[in-house]
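Written below as structure tokens is the structure these notes are about.
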Amino acid sequence: MAADETYPNELKYHREHDWARLEGDTATLGITWYAQDALGELVHFEPPDVGSSLARDESYGEVESVKAVSDLIAPLSGEVVEVNQAVVEAPETVNSDPYGQGWLVKIKLSDQGEVDDLLDVQAYKKLLEEV
Numbered sequence: 010m011a012a013d014e015t016y017p018n019e020l021k022y023h024r025e026h027d028w029a030r031l032e033g034d035t036a037t038l039g040i041t042w043y044a045q046d047a048l049g050e051l052v053h054f055e056p057p058d059v060g061s062s063l064a065r066d067e068s069y070g071e072v073e074s075v076k077a078v079s080d081l082i083a084p085l086s087g088e089v090v091e092v093n094q095a096v097v098e099a100p101e102t103v104n105s106d107p108y109g110q111g112w113l114v115k116i117k118l119s120d121q122g123e124v125d126d127l128l129d130v131q132a133y134k135k136l137l138e139e140v
């Protein structure tokens with residue numbers, strides 16, 4: 010079952026419909042409600058390897074839905090410290106809980122200053138109005 014449309018205030022958002030939850034020098038990343046809704050039910054998550062580097066605005070993995078395969082775009086740069094194995098095993102978790110159990114990876118930030126370039130919830134909602 011798909012989650013209700015929400016965009017939590019405490020998250021930072023990327024223009025490519027990814028989110029980041031910041032905790033010190035670590036960020037948890039995932040895709041927004043809008044992204045999972047546009048894709049439809051996810052059937053596969055191809056994560057990066059733990060220890061690999063992510064570069065902001067670059068692809069770091071793929072999600073596949075019944076409709077399409079889509080690149081995941083990193084909102085921030087850093088080293089992957091954890092992959093959500095629950096989503097690897099049950100990708101549809103992202104559809105039912107995109108901001109909770111449906112997170113994708115955790116990274117150790119390599120450039121804290123990049124956070125300033127992300128959108129707050131109001132700016133992200135304004136972006137969605139233009140889509």
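Quick note on this note's numbering: the sequence shown kicks off at 10 and runs consecutively. C-beta atoms are modelled at their ideal positions from N, C-alpha and C, and glycine is treated no differently.
Check: Distance between Ser74 and Glu50 (C-alpha atoms, nearest Å); Outcome: 5 Å
Check: Rounded C-alpha distance that separates Arg65 from Leu127; Outcome: 11 Å
Check: Cβ separation of Glu71 and Glu88, assumed to be a contact under 8 Å, to the nearest whole Å; Outcome: No, Glu71 and Glu88 are not in contact; Cβ-Cβ is about 20 Å, not under 8 Å.
Check: As assigned by DSSP and simplified to three states, the class of Ala132; Outcome: helix
Check: Beta bridge counterpart(s) of Asp27 as assigned by DSSP; Outcome: Ile40
Check: Range covered by the alpha helix (DSSP H) that runs through Ser105; Outcome: 102-105
Check: CB contact flag (Leu21, Ala12, <7 Å); Outcome: For the record, residue 21 in the displayed sequence is Lys; it is not Leu. It is not a contact, given that the beta carbons lie outside the stated cut-off.
Check: Beta-carbon proximity of Glu138 to Lys115, cut-off 7 Å; Outcome: no
Check: Local Cβ density within 10 Å of Asp120, reported as buried at 16 or more and exposed below that; Outcome: exposed
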